[in-house]
Every structure is written in C-alpha cells, then in structure tokens.
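Protein chains in written order, with the working numbering: chain A, 1 to 360; chain D, 1001 to 1143.
Here's what the structure looks like:
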C-alpha cells in the first residue's frame, strides 16, 4: 500500500521475487544458447537470440497465466501472485527482444520499411501453412506493450479498475495470438514432434487449470442460502471459520467475507478496492484484514484502510444463534462501523455449554 | 475478483478450450510434407569389393571398383557441395565431345554415386565432368 505513486514500491519480497525472475531468465538463456552452440555450431548469434527469447517468453507467459488459477485452487501459490506484474513486464521485454531482432533479421535488409515489410511481404491469408504468422506475433506484442506500460497503480486508478481490468483481459487474446504465431510459424518448418507436444501439454494444462478453477468459483457463487424473515441468511457454523481467517459466501450479487478475529465475527465486502482481490482469501495481519494479492489492508470493524490510507469497503451485519452464523446481505455504506458478533462459546469441544448471543 | 469477471473468465477459457486445441490440430495437419530428398539419379548400387584405382581431387574422389582386377563400377564421391547445378560424367576415347562419348551418369549434390561400367579390359579409362547447362568441361579424370 502507498499514499503516493512510485515507479516501483520496493520491499524485501519484491526484491527476492525479481532476483528469482532474473536468475531464472539468465539460467534459461545460458542453457539454451550453450546447448545450441554445442549441437549446432553453425547457428548465428541473431538466430540464437531470436529462438532463445521466443521460447523463454512463451514459457513465462504460461507461468504467468497459470498463477491466477493456481492460487484459487491452492493458497500455497499466493506468493507467486504478489509480484506478478514484474513477471509480466519481464515477459514483455523478452518478447520485445524477440520481435525486434526478428524484424531486423527478416525485414530490414530490403528497401522497404521493415514494419511495412512485416505486413506486406506475405499476404497469403488463404493458406494455413503459408499464413503471415509474424503479424500475429506483432499484434500480441502490441497488447503486451499496452499491458506493460499500464502495469502500475497510477494507471489502475486513473483508468478506473473496470477499464484497466478490461484492458488486461486482452492478455487472453494475446495468448491465443501467440499460440497461432507459433503453430503457423516455426512449427510449420519444424519436423521434430517434441515442440508440438510441449506446446500442446502447456496449453492443455493452462486450459484445465482455468476451467477447473473457474468452475469451482462458479459453484461457490451458485450455492443457495435460506433467507430468514428478518433478512438474515444462515451461512455456516462458527467452527467452520478459522481464527484470523474468513469464509466467503455469495449472497446476492457479490461475495461477503466473514472473518473470525479475537472472539468476534466481522463481515465485509469480499472485493478489495485495489485490484478486486478476494479479501476473504486473505488473513488478519496486525489486526487488519489483508488482501492476499497485494497486501492492501482494512480494519475489520469498519472496512476502512488504516490511516493515512483511504480505501474503504462495505460492511455487513453478522449474528450468531447458538453456533450458527447468520449474515445480512444488505451492505452498509463503505466504511460504516459495525460491532461484529461476539462468539460466546466457552470451549470449541463443549458446544452444549455455549451461550446464545445475538448482536448486530 | 468480482462475480461478473469470474463468469467472464470462465466463458473466455471455455472458448479457448475449444479454439486452441482445434487450432493446434489444424496447424499440424496443414504442415507441408517435407520434400522428398531423393536424387534424380537411381539409388546407389552396392559398392563392388575391390578398389582398382583411385584419383583424389580437391572436391571429389573417384574410384574404379570391380569384383576382381577388371573395373565394373565407377564410384564418385563429392566431398563438397557442387558449385554448379548439375554435371554429367562422360567416358571418353580421345578428344572429348559429348556426342562422341559414353554418358555414365549425373551427379548433383554432396554424396556418393556409383555407376556401372562396361568391362573394358586392357584399356585406360578417361572420364570428363561436364556442365551441360553452360556446355563446358569442368574437370577430367584419367586412370
């Protein structure tokens, strides 16, 4: 979190994350280039650079796109999500090196402008094996460029989360363009089936992860709750919620996160104001509900970020009847203070002695 | 992530789950079959066991082979890629002209070529490598 814009808000985790990215990229490029030089000594530097950066960019793109569903399926992957922007920008730079050297290598030696040559040297749109695949890669690179330059909170706030998110959803179109770029490009000339198999495994794994995570999320959203006459909805048992953690319930249009904090239950809107991260998948740190995506924090009793931050989310009424938790789906204005519901159970294993308290 | 976006993500990946595999399969099917790298020359015959004579030059090695001391096969090994499109090998009997020489065969790329020879005991063997496109003698080999 930050009250002002910085180019990069460095912290220890980001530095470690970036060092790992840098180390991985250098290791990959070193292994790729050295092994090519050993087995194919006649290859030129330009060709090596084009091939090594292209494979690295495709690999990183698959890693980036798999982080989202992996975190939804298993919270252990959340650290990967924290600095995914830097991974995306790195991928763009590597893809840009590939694109730049490809244009230099294949389009800069004639009398035509290289960019004009890119779009006019091959116009066989009616042929799959002869399709102008380089243009597909160019369009994907343009999308990655727009994403890279807007990968900052400045743009997130100024474009609005809705516009920003819509722009960044184009990554899926870019991914499809990249797959076509590879399949209609190098694969058309490559006789070794290993490359097709690797790409097929990568794409099917990614698709499976997204469809699995998406289906699971829709299932959670579609769970029906019994509505009581006084407007409260029965959601779960007190024991179903871990201390300093939450459970999410989709009642009405959006999910509500019910947190258990120091003997009380608090309900807040599940959507973080930063990038719409799932607050219910986070945990309580320093007494604040902390978004698992980028660490934005909110006070549980009023949904406000601790001063000097100004983000606010809606709060809801919670009550406990016996050991059953009830939540009102009616949101209070963002930042409205609520007392929370006191958990009056003397012992988690002795529910018969528990008192019943109803607090709004 | 808000609910409409969760739904939109699932819709997008449901579409990609169809489009991507179909695209990959179509692209693989559409791959042009690799051209046959068969030489115009008929397949090489097995080499005869006895090397009778050898002439070695910078770009090729030529051998007379046979089952005994009588040559029955001309073995031509191109060490480097030819610098001319194709060339013909003629067996000559004196001054060379294509009209008055026996055509032995044609060589193209780097590799080994073997041609059958008529038994011609007791005589010297003279071969000419001829560029029939530019109509010029490239080299001559004398055994």
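Each residue gets a CB set at the ideal place from its N, CA and C atoms; glycine is no exception.
Interface annotation, residue 221 of chain A: in contact with chain D, CB-CB separation under 8 Å. When the five nearest sequence neighbours on each side are left out, no beta carbon in the same chain lies closer than 6 Å to the beta carbon of residue 51 of chain A.
Contact of residue 188 of chain A with chain D is assigned, a C-beta pair being separated by under 8 Å.
Under the three-state reduction of DSSP output, residue 1136 of chain D falls in the strand class. Non-local C-beta neighbours of residue 314 of chain A in its own chain, meaning closer than 8 Å and more than five positions away in sequence, comprise 268, 269, 303, 331, 332, 333, 334, 336, ordered along the chain. The C-alpha of residue 194 of chain A is placed about 21 Å away from the C-alpha of residue 41 of chain A.
From the beta-carbon of residue 278 of chain A, the residues of chain D found nearer than 8 Å are 1001. Between residue 305 of chain A and residue 316 of chain A, the C-beta gap is not smaller than 8 Å, which leaves the two residues out of contact. Against chain A, a Cβ distance below 7 Å from residue 1017 of chain D picks out 207, 211.
The Cβ atoms of residue 1110 of chain D and residue 1081 of chain D sit closer than 8 Å to each other.
Bridge partners of residue 278 of chain A according to DSSP: A:271. Counting other Cβ atoms within 10 Å of its Cβ, residue 1097 of chain D stays below 16 and is therefore classed as exposed. For residue 1030 of chain D, the residues of chain A that pass the 7 Å Cβ criterion are 128, 129, in the order they occur in the chain.
DSSP places residue 169 of chain A outside any alpha helix (DSSP H), giving it a letter other than H or E. For residue 1111 of chain D, the secondary structure class from DSSP, reduced to helix, strand or coil, is strand. The C-beta of residue 215 of chain A comes closer than 8 Å to at least one C-beta of chain D.
Residue state for residue 183 of chain A is assigned as helix, using DSSP reduced to three classes. Per DSSP, the beta bridge partners of residue 236 of chain A are A:325. In summary, the residues of the segment 149–175 of chain A whose CB is separated from some CB of chain D by less than 8 Å are 165, 169, 172, 175, in the order they occur in the chain.
Shortest Cα-Cα distance from residue 231 of chain A to any of A:248, A:246, A:252 involves A:252.
Classified as buried, residue 67 of chain A has 16 or more neighbouring CB atoms from the shown chains inside 10 Å of its CB. In the DSSP assignment, residue 247 of chain A falls within the unbroken beta strand (DSSP E) covering 246–251. In terms of Cα proximity to residue 118 of chain A, the closest of A:127, A:257, A:132, A:125 is A:132.
In its chain, beyond the 5 residues on either side, 118, 119 have a beta carbon closer than 7 Å to the beta carbon of residue 135 of chain A. For the set A:276, A:47, A:24, the Cα lying nearest the Cα of residue 165 of chain A is the one of A:276. Residue state for residue 304 of chain A is assigned as strand, using DSSP reduced to three classes. In this structure the segment 201–217 of chain A lies against the segment 1002–1022 of chain D, because at least three pairs of beta carbons, one per stretch, are closer than 8 Å. By the rule that beta-carbons nearer than 8 Å mark a contact, residue 1009 of chain D touches chain A. When DSSP states are grouped into helix, strand and coil, residue 254 of chain A belongs to the strand group. In the three-state reduction of the DSSP assignment, residue 1076 of chain D falls in the strand class, which pools E and B.
In the DSSP assignment, residue 1116 of chain D forms a beta bridge with D:1073.
In this structure, the alpha-carbon of residue 1130 of chain D lies about 22 Å from that of residue 1120 of chain D. Identification of chain A residues near residue 1013 of chain D by a Cβ-Cβ cut-off of 7 Å yields 207, 210, 211, 214, ordered along the chain. With fewer than 16 other beta carbons inside 10 angstroms of its own, residue 1084 of chain D counts as exposed. Per DSSP, the beta-bridge partners of residue 1050 of chain D are D:1066.
Under the Cβ criterion of 8 Å, residue 136 of chain A is not counted among the residues facing chain D.
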